[in-house]
Structure formats: C-alpha cells, structure tokens
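Asker:
2 protein chains.
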Amino acid sequence: MPKVVDHVERRRELAEAVWRVILRDGVEGVSVRNVAAEAEWSTGALRHYFGTKEELLSSATQLLEERAVARFTSKQYDGTPREAIRAVLCEILPLDEERRTEGDLWFAFAARSLVDPRIAKEHGPVFDGARELCVRITQQMAEGGWLYPGLEPDVEAARLHALIDGLAMHMLMRRVDEQEALTTLDAHLVQIIRDVQQY
Amino acid sequence: MPKVVDHVERRRELAEAVWRVILRDGVEGVSVRNVAAEAEWSTGALRHYFGTKEELLSSATQLLEERAVARFTSKQYDGTPREAIRAVLCEILPLDEERRTEGDLWFAFAARSLVDPRIAKEHGPVFDGARELCVRITQQMAEGGWLYPGLEPDVEAARLHALIDGLAMHMLMRRVDEQEALTTLDAHLVQIIRDVQQY
DNA sequence: CTCTTTTTAGTACATTTGTATTAAAAAAAC
DNA sequence: GTTTTTTTAATACAAATGTACTAAAAAGAG
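Written out as structure tokens, the structure reads:
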C-alpha cells in the first residue's frame, strides 16, 4: 500500500499557501506555480490534490468560511448585555492580525464573487454566518427585554450587520482606525440597547 | 500638423472599455489586449495613450472617482428633511443599473486597493467623497435641529457612512435586495432624525 | 525482499501576458 | 502639391500562465 497522507491536512496546508499569496499579491497573484512555490511543493504534487486553479481557489474560500463561521457561532454571551454584545460583534471587526488576515481574504473573495459564481457560492455561508450572528443577538435582546422599545429584531439584525460589515470594510481599507470603529459601534449599541439597571 | 485628437475623450473612452472588461471578468480580466479588443482598438494605439497596464487601471479608477464624487457633491436637499436625506443617501446605494455598475467597480477597486498602493491612492477620494457627504448631512441636521438629541454629528456621520456602505456592499453581493436595504435605511433614519412637525 | 499503488518531481507545450519596435497612415501647416 | 508630426497598425519577444504527461521515489502489504 502507498504512503498514507492526510488529504484534509494537505488541502488545508495548500489553502493556507493560497492565503499567503493573496495577502501578498491579491487574488491576481494566485497561480499554480506561485502557490506551489509558497507551499514549497512542486507543481506536480499540487496538481495531485487540485486538478485546476479554480479548485485551488475554492478550497481556500472554503477553509476561510469554515474558520469564520466556527468563530461566529462559538461565541457565547457573558458580562453585561452591552459588554457581551460588543464582544461578539468585535469578532467580526479586524482588530488583531488574525482577524485582519481573515478580513483581507473575505474582502478579496467577496469582490471576486461578483464575477465568479463558483466563489460566490462558496463565499455565501460567510455572509450567512455573520447575518445569523446578528439575528441571534437581536432576538436574544428582544427576548431578554434589552432591545430598545419600538425596534424590530429582524430589521435591527440587518442594520447591525450592514453597520458592522461597513465598519470592517472601512478598517480593512485603512480609512478608519480601531478607535473610531469602536466609538461608532458603541454609539450604535447605545441606541439599540435598553439599559437595564439590574440584569 | 497632426490629426487633432481629444486626448481627454480618448482616455475616457478607454477607461470605459476597462470598466466593461472588469464588469465582465473582474479586475483579473484586464489585460492590454482585452481592453484594446473591447474598445476595438489596436494594442499599439492603446499604448500611445497608456504606457503601462497600471496607467490604464489608474485612469479607469480616476474616471470612476470623478463621476461618483461629482454625483455625491452635486445633490441638494429638498422636500422634508427625511425625504431629502433619504434621497441623498440613495445616491450611494446601487438602486439602478448605472449605480450598480459604479458599485461593482467601486468594490473591485476597493479590494484591489488592499494590495495595490497606487489604486489605493486613486480610490481614496471615493471614500472621502462619501464620507464628506455623510458629514455634510449630519452637520446640516445638527444645525437645523433635526438631529436626534444627544447624538454627535461626527460620530453619526461615521455611523451613517458605515451603514450605507455596508448596505451597498450587501446589495452588490446580491444578498440583500432593494426593499430590505430601504427598510433598513429607513429604520436608521427614524432613529437619527428628530421629527419636526413644521420645517 | 518483492510487489503495488500513491505521491512527487521534473518537464513539456500551447496560450496569454506586458512591453517594445517598426513602419505605415492620417492630417494639418506651408 | 510637400512637409511634419501625430496617430495607428502590425508584429516581435521574453516571461508567465494553465494544464498535461512521464518517470522516479516512497511506503506499506504480502
């Protein structure tokens, strides 16, 4: 029998090499040879796992999706409502290097998804994950009586999602810094959270 | 003397060809030959106006910027405060084909600007134009007494900007439709505009 | 060890890429 | 008409690209 290789691990390894290339040169810098060189593989070995360049990009998107969605869905509330919600939302903002990397990739793939249906399909769950996170937040707020009176949970989820993605994008474009983003987010939370003295 | 050619017009013509290529194939589809074919020019003629591919992309970004900023800064208020503000903000959302095209390009260039400082520099004014629009709105609201009490004009400008850009992005990604976007925008306006009976 | 299958390396090939060069065509000044 | 300069077309070329192919290497089963 042949050498036993963890295919899942190999594909992850390759996907991460794709990431590094994208972060350095953008999606346009992704070529079979570039990725192989980045991973220190031969093009032949790479081709053994990925038949085409498209599969390579798909795999990189999928890995990003898995990680992001896992992070979004694993977070739990604790602390005061405002602190908890703020902490959850901060998972989306590129506040540290890891999340900035994820954000850069998310942005690159989002732009590519506009002209590449295949990427769009694989990128969709990232949007859905963030949206579900926002829906979960506003629904739990409504149930706990923390949602500011008169606000609709679903509409507020959409608004929160647009705001947080817009902020994230502005940060990725380096036009808004961390402090301004948090100030903006806090201003929003003030308006949607009803302050309860004892919770 | 030579044939008299309107260089500005030529460059505009070429930039629009670049746009069409980007809309069809993404930024990665832009090559000297592709653009020349799209414009029905020879590569030699194209090269007479643009020495390198980078200049070609720069020119396309600049044209986008000029148009977008012109649209943003030309709008004037009229009608009730809410109607006027809504109308101005709707200039940013991709609600018709022209603005969707602009939006698609804006998105493509924004993503590219993360790894290409040159594009970033030329793309910056588009961000600034939208931000100034938001600042103008919130400041005029504050001066006219329409801003909901307790809100800071500058913070609200940043929040409005993030929200509108996030909504625009979600629409461009085809994950949010026109109706949901307007519902979300209206929910936001309700919270930042103080309803004055007589204005 | 021998066999069998996976994994890898290296190379090949047709396209496409950015850029440069060349010479022809066009058009106004004289 | 001739001259002069811009504009255009066509081609050239090295480099990079996606994909395919071939044979060597690796590693467990018998």
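If you're matching them up, the sequences are chains A and B in order.
So in our numbering the end of the first sequence lands on 1147, straight run, no missing numbers.
So in our numbering the end of the second sequence lands on 1147, straight run, no missing numbers.
Quick reminder that beta carbons are idealized off the backbone N, C-alpha and C, glycines included.
Quick one, which of A965(A), A1090(A) and K1069(A) has its alpha-carbon nearest I1033(A)'s?
Answerer: Answer by Cα proximity: A1090(A).
Asker: Check whether the Cβ of L1012(A) lies closer than 8 Å to any Cβ atom in chain B.
Answerer: Not one chain B Cβ lies under 8 Å of L1012(A).
Asker: So which of G999(A), D1044(A), V1083(A) and L1099(A) has the shortest CA-CA distance to Q1139(B)?
Answerer: Closest option to Q1139(B), Cα to Cα, is L1099(A).
Asker: Out of E1045(A), A993(A) and A1018(A), point me to the one whose CA is closest to L1120(A)'s CA.
Answerer: Of the listed residues, the one whose Cα sits closest to L1120(A) is E1045(A).
Asker: Output yes if chain B places a C-beta closer than 8 Å to the C-beta of A1016(A); else output no.
Answerer: Not closer than 8 Å to any Cβ of chain B, the Cβ of A1016(A) fails to qualify, so no.
Asker: To the nearest angstrom, report how far apart T1000(B) and E1002(A) are at their CA atoms.
Answerer: Whole-angstrom Cα-Cα distance: 28 Å.
Asker: If you follow the alpha helix (DSSP H) that K1119(B) is part of, which residue opens it and which one closes it?
Answerer: With the sequence shown as reference, residue 1119(B) is identified as Met, and Lys is not the correct amino acid for it. It spans P1101 to L1120 - the alpha helix (DSSP H) in which M1119(B) sits, taken as one unbroken run.
Asker: Pull the bridge partners of L1095(A) from the DSSP assignment, please.
Answerer: Per DSSP, I1141(A).
Asker: Step through the CB atoms of chain B and report whether any lies within less than 8 Å of the CB of Q1146(A).
Answerer: With a pLDDT of only 44 at Q1146(A), under 50, the local geometry of the prediction cannot be trusted, and no value is derived from it.
Asker: For chain B, is any of its Cβ atoms less than 8 Å away from the one on E1039(A)?
Answerer: No, no contact with chain B.
Asker: Is the beta carbon of R1079(A) closer than 8 Å to that of H1118(A)?
Answerer: Cβ distance not < 8 Å, so H1118(A) and R1079(A) don't count as in contact.
Asker: Going along the segment 1107-1128 of chain B in order, which residues come within less than 9 Å of chain A, judged by CB to CB distance?
Answerer: Residues R1107, H1109, A1110, L1111, I1112, D1113, G1114, L1115, A1116, M1117, H1118, L1120, M1121, R1122, R1123, V1124 and E1128.
Asker: Pull out every residue of the segment 1061-1086 of chain A whose Cβ sits closer than 9 Å to any Cβ of chain B, in chain order.
Answerer: Listed in sequence order: S1061, L1062, V1063, D1064, A1068, H1071, G1072, F1075, D1076 and R1079.
Asker: What number of angstroms, rounded off, separates the C-alpha of A987(B) from the C-alpha of R1066(B)?
Answerer: Roughly 24 Å between the two C-alpha positions.
Asker: Output, in sequence order along the chain, the residues in the segment 963-984 of chain A whose CB is closer than 7 Å to any CB in chain B.
Answerer: Of all residues in the segment 963-984 of chain A, D973, G974, V975 and E976 have a Cβ within less than 7 Å of some Cβ in chain B.
Asker: Would you mind stating whether L1115(A) and L1004(A) have Cβ atoms separated by less than 8 Å?
Answerer: No, the pair does not count as a contact, with Cβ atoms beyond the cut-off.
Asker: Check whether the Cβ atoms of V1074(A) and W1054(A) lie closer than 8 Å to each other.
Answerer: Taking 8 Å as the Cβ cut-off, V1074(A) and W1054(A) qualify as a contacting pair.
Asker: Comparing alpha-carbon positions, which option in A1035(A), A1056(A) and R1030(A) lies nearest G977(A)?
Answerer: Looking at the Cα atoms, A1056(A) is the closest of the given residues.
Asker: Could you check whether A1008(B) and A963(B) sit closer than 8 Å to each other, using their CB atoms as the reference points?
Answerer: Cβ distance < 8 Å, so A963(B) and A1008(B) count as in contact.
Asker: T1086(B): which of P1101(B), D1076(B) and G1077(B) sits nearest, CA to CA?
Answerer: The residue with the shortest Cα to Cα distance from T1086(B) is P1101(B).
Asker: Measuring CB to CB, does E1039(B) end up less than 8 Å from L1012(B)?
Answerer: Contact: no.
Asker: Kindly indicate which three-state DSSP category C1082(A) falls into: helix, strand or coil?
Answerer: C1082(A) falls in the helix class under three-state DSSP.
Asker: Going along chain A in order, which residues have a C-beta closer than 9 Å to the C-beta of A901(B)?
Answerer: A query on residue 901(B) cannot be resolved here, the shown segment of chain B reaching from 949 to 1147 and no further.
Asker: Over what stretch of residues does the alpha helix (DSSP H) that includes P1029(B) continue unbroken?
Answerer: Taken as a continuous stretch (DSSP letters only), the alpha helix (DSSP H) holding P1029(B) covers P1029 to C1038.
Asker: How about L1133(A) and R1030(A): do their beta carbons lie closer than 8 Å?
Answerer: Not a contact, by the Cβ cut-off of 8 Å.
Asker: Assuming R960(A) contacts A1135(B) (C-beta within less than 8 Å), just tell me the rounded distance between them.
Answerer: Rounded, the Cβ-Cβ distance is 41 Å, inconsistent with contact.
Asker: By Cβ distance, which residues of its chain are closer than 6 Å to T1131(B), with the 5 residues on each side in sequence left out?
Answerer: Closer than 6 Å at Cβ, skipping near neighbours: no residue.
Asker: I'd like to know if I1141(B) contacts chain A, where contact means its C-beta is closer than 8 Å to some C-beta of that chain.
Answerer: No, because no Cβ of chain A sits closer than 8 Å to the Cβ of I1141(B).
Asker: Determine, for A1135(B), whether the minimum Cβ-Cβ distance to residues of chain A falls below 8 Å.
Answerer: Yes, A1135(B) lies at the interface with chain A (some Cβ there is under 8 Å from its Cβ).
Asker: So the candidates are L994(B), G1077(B), V1124(B) and V975(B); which of them puts its Cα closest to the Cα of G1072(A)?
Answerer: Of the listed residues, the one whose Cα sits closest to G1072(A) is V1124(B).
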